[in-house]
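Note that full-length UniProt numbering gives residue 662 to position 662 of the sequence shown, counting from 1, and the numbers run on in steps of one.
What follows is a single structure, written as structure tokens, with notes after it.
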Amino acid sequence: MFANYLKIAVRNLLRNKVYSAINIVGLAIGVASCILIFLYVQDELSYESNFSKSDRIMRVVGEAIFEGHQDNFAVTALPLQDAVREFPEAEAVTQYFSAGRQTIWYNDQSFNEEDLLFADSAFFHVFDYEMVAGNPATALSSPRQIVLTEELARKLFGSAEQAMGQVLRFSRDSYTVSGVYRDPGHSHIAASGLLSRITVDARLRDDEQGNHWLNLNYFTYVLLADKSQAAALQDQLNTLANTVVNPWIKESKLSARMNFIAQPLQDIHFDTHFQHDLTPHGNISYIYIFAAVAVFLLLIASINYMNLATARSAKRAKEVGLRKVVGANRSQIIRQFLGESVLLTLIAVLLALALVQIFIPSFNNLTEKNFSSDFFLQWEFLLLIAAIVLLVGVVAGSYPAFFLSAFKPAEVLKSDKQPKGGSAILRRALVVVQFSISLIMIIGTIVVFTQMHFLKNSDLGFNKEQVLVIDVPGGDSTLVQRLPVIKQKLLQNPNVLQVSNSYSIPAEAMNRTLMLVEQEGKMVEKTFDIMAVDYDFIPLMGVGMQAGRNFSRDIKTDEKAGVIINEAAVKWLGWADPIGKKLQLSDDGANDGNARIIGVVKDFHVSSLHSSVQPIAIVLAPESPGYLLARIAAADQASTIRFVEQQWSAFDPRHPMEYFFLDEHFDAQYRAEEKMLTVFGYFAGLTILIACLGLFGLASFTAEQRTKEIGIRKVLGSSVSGIVMLLTRDFALLVCLAIVIASPIAWYGMSKWLQDFAYRIDLSWWIFALAGASAMAIAIATVSFQAIKAAIADPVKAIRTQ
């Protein structure tokens, strides 16, 4: 019986080559897209799963509340570790902090590493990395030890075994390689090496400024004794905040309040609202969007099959009647047609796998992932393929199967007329669904593109173009003191227009601090984002002065007592005339309130347009390490960069020059949106393609069914254009209905997406008009091909044939 079903299924596929090809190609594109999106979604959802204790690991994050304003921090204070160790729920507690960018010397060669962490000896107990060499229990237990990733060990020493015991020199200390671990990937902890924190622990704990509850620099993790104790840990943290931390803050005469939150390790990758995290996060909204796109593509391809199968049902009416006459019951006929659907889906899936193999390198470039064909052997993938074959095969074939099996043999065998090809209303409804989905994706693509264009071309309040940014290594006081020397050397080149240095730049996290400011004759606490810059930073960046003046080399008090704020700070503080207002720059009494506002700059964006401009205080620190900035001419840019590299090499031969351009660095904040735009664009195009394949088949069927009518109309004098209009009108009306349905849905969805941006476009009418016109043009072009073919056919032949 099965062999007979298979033989009939293959025969029907070969007999209807055009319709089979349309269904197979449409399903293959839909399934291939679904597989690629599945890979991306699975990859994003697998973060932290390589740690066997991940369900017991909690990160403790901070919530600071000041004047009703709440800031969430991924980092906490040094004393937290000792306090949490006393909790009965804590099996182990570990803290690490960033070592910043470090220059490492080995065999008279130097290189820069940015992803080094200072970690304590409990790190490998909490996070069970696979050790390639060394003992995880002792690898970080002694001063001046370093544990490398297997990748870095191979890069430096050839193998993990050869790395053991080797000595790496840093600016301040030398470290001995005590272990090598395999980077598991898919973790928010992206470190190329771990330095033993005990090396600097004594200095950190003796530092009164560093060792207090508001010095937030440390990432704190708790390994629970049992995963059910998360709520109990949160209660303990609440008690700690209320009985220890906040009373200490009050005694320090500060009005801030601190809370702690126990964050599950597996939630970190998609939790984006914590400041000072070291690695970029995923966006769970985009995961939902991509998953919806995969479902839409499969749905549209399945609709194609249902539409074409029911439309072609008239051709198989007598076959069904004969089978019933010779004894076939309805369930057997249903199984036969479902079998045909599953077979067609299986062929489409095999073609889809070939397409995935071809396009996976391009998909890797698009998503910045590293997928390979190894996933073909994963049980999750095999389960997905089986589910697609059965689900799509059965769902797409169900309606045609039940519809065809309901034919009565007496009616279809006795009548000269063929039954109608299924419900025309249903087919039209399915076409509307297809084009509604396509239009939603087209509108989404246009909105994302328009918003991205707006973001990249908005006035940021400063000029980000042609600014070369050079990392200045920290920890070398002589290097910092000699910065004026290289600045003068660079300005000798006429293509180097301006030079400056600063501790922070736009698109980098600002340091936020408490200040005492003058309001109504008394000093009150306020929080500011701080930028430490030199004399030339404001003119180099092209930031406009709204009032007062810039820092001046001729006024010696500027360095210790001059502060410039932005317009947002003036508005926030409610000052009518801010020039001359008093500030106290630190909470330890420094400056005794003698600092003064000397100028107000116009608002400029130091972060992406996701957020609004915050109050900023700019202080003068001419020798602050961080970044060296050079605005260079656009002409002969390559030779200018070579000149800068030569000067840097002569200035600091020990540290290789690392640089980037400010505009690229700033625009990198929108990488997730750019990725979404590209994915939306590709898959919106595929959605339209699949829908048009189905529309092409339906148009062909419609023209075939109306052959006699078209012949009579031509004999009676109808023109080719009139017949084309006749055949395309119904489809155009369906697209119009799809536009009406899709527009409010797309408007709602994209309005929600735009709410993530403090500065955004308006959803203007032209976006929906453009999407609708595009869909209409594509649909009419698709239908017109078959309509014109039918309209120019010989009418006599058509009437005779009928």
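Think of the CB as a built atom: it goes at the ideal place given N, C-alpha and C, for glycine as much as any other residue.
{"Query": "For Asp536 and Ser612, the rounded distance between their alpha carbons", "Result": "25 Å"}
{"Query": "Residue of Tyr305, Pro484 and Leu763 minimising C-alpha distance to Tyr398", "Result": "Looking at the sequence shown, residue 398 is not Tyr but Ser. Closest option to Ser398, Cα to Cα, is Tyr305."}
{"Query": "Cβ neighbours of Phe296 in the same chain (closer than 6 Å, five flanking residues each side left out)", "Result": "Ile437"}
{"Query": "Spatial distance of Asn495 from Thr640 (CA atoms)", "Result": "7 Å"}
{"Query": "Residue from Val60, Ile741, Leu770 and Ile57 whose Cα sits closest to the Cα of Phe435", "Result": "Ile741"}
{"Query": "Range of the contiguous beta strand (DSSP E) that encloses Gly717", "Result": "That residue, Gly717, is in no beta strand (DSSP E); it is neither H nor E in DSSP."}
{"Query": "Continuous alpha helix (DSSP H) stretch holding Asp667: start and end", "Result": "Leu662 to Asp667"}
{"Query": "For Pro653, the residue or residues it bridges with in DSSP", "Result": "Pro653 is not bridged to any residue."}
{"Query": "As assigned by DSSP and simplified to three states, the class of Gly580", "Result": "coil"}
{"Query": "For Gly421, three-class secondary structure by DSSP", "Result": "Because Gly421 sits at a pLDDT of 48, beneath the cut-off of 50, its placement in the model cannot be relied upon, and the following sentence gives the value as read from the coordinates. If DSSP states are grouped into helix, strand and coil, Gly421 belongs with coil."}
{"Query": "Limits of the unbroken beta strand (DSSP E) element including Phe376", "Result": "Here Phe376 belongs to no beta strand (DSSP E), and DSSP marks it neither H nor E."}
{"Query": "Three or more C-beta pairs below 8 Å linking the segment 46–61 and the segment 381–400", "Result": "no"}
{"Query": "Between the CA atoms of Arg15 and Lys789 - distance to the nearest angstrom", "Result": "22 Å"}
{"Query": "7 Å CB neighbourhood of Gln145 in its chain, flanking five on each side removed", "Result": "Ala139, Tyr175, Thr176, Ser178 and Ser196"}
{"Query": "Rounded C-alpha distance that separates Phe551 from Met523", "Result": "24 Å"}
{"Query": "Cα-Cα separation, Arg85 to Thr76", "Result": "15 Å"}
{"Query": "Separation of Arg512 from Ile565, as counted between CA atoms", "Result": "14 Å"}
{"Query": "Environment of Ser331 [buried if 16+ CB atoms lie within 10 Å]", "Result": "exposed"}
{"Query": "Length-filtered (4 minimum) alpha helix (DSSP H) runs lying within the UniProt domain \"MacB-like periplasmic core\" (462–608)", "Result": "477–481, 483–490, 537–541, 558–561 and 567–573"}
{"Query": "Inside the segment 126–184 only - alpha helix (DSSP H) runs reaching at least 4 residues", "Result": "150–157 and 160–163"}
{"Query": "Candidates Leu355, Ala621, Leu573 and Gly697: closest to Ala553 by CA position", "Result": "It should be pointed out that residue 553 corresponds to Arg in this sequence rather than to Ala. Answer by Cα proximity: Ala621."}
{"Query": "Cβ-based neighbour list, Asn283, same chain, cut-off 6 Å, excluding 5 preceding and 5 following", "Result": "Ala672"}
{"Query": "According to DSSP, residues forming a beta bridge with Asp271", "Result": "Asp271 is not bridged to any residue."}
{"Query": "7 Å Cβ cutoff met for Leu384 and Phe38", "Result": "yes"}
{"Query": "Beta-carbon contacts of Asp534 that lie in its chain and below 6 Å, excluding the five residues immediately before and after", "Result": "Ser500, Asn501 and Pro622"}
{"Query": "Closest Cα partner of Leu497 within the set Asp471, Met131, Val485 and Leu540", "Result": "Leu540"}
{"Query": "Sub-7 Å separation of Arg631 and Val467 beta-carbons", "Result": "yes"}
{"Query": "Buried/exposed call for Asn307, threshold 16 Cβ in 10 Å", "Result": "buried"}
{"Query": "Per-residue burial, Gly421 [other beta carbons within 10 Å of its own, 16 or more giving buried]", "Result": "Residue placement at Gly421 is flagged as unreliable, the pLDDT there being 48, under the threshold of 50; the coordinate-derived value follows with that caveat. Classification of Gly421: buried, given that the 10 Å Cβ count is 16 or more."}
{"Query": "Best match in Ala635, Pro506, Asp603 and Gly521 for proximity to Ala547 [C-alpha to C-alpha]", "Result": "Asp603"}
{"Query": "DSSP beta-bridge partners of Ser98", "Result": "Leu117"}
{"Query": "Residue interval of the alpha helix (DSSP H) (run including Phe260)", "Result": "First-last for Phe260: Arg257 to Pro264, but that is the beta strand (DSSP E), not the alpha helix (DSSP H)."}
{"Query": "Separation of Val349 from Asp730, as counted between CA atoms", "Result": "33 Å"}
{"Query": "Residues of its chain near Asp43, where Cβ-Cβ distance is below 8 Å and the 5 sequence neighbours each way are ignored", "Result": "His186, Lys369 and Phe371"}
{"Query": "Beta-bridge pairing of Glu63 - partner residues as DSSP gives them", "Result": "Asn72 and Asn259"}
{"Query": "Bounding residues of the alpha helix (DSSP H) (the contiguous stretch that carries Ala32)", "Result": "Lys17 to Leu45"}
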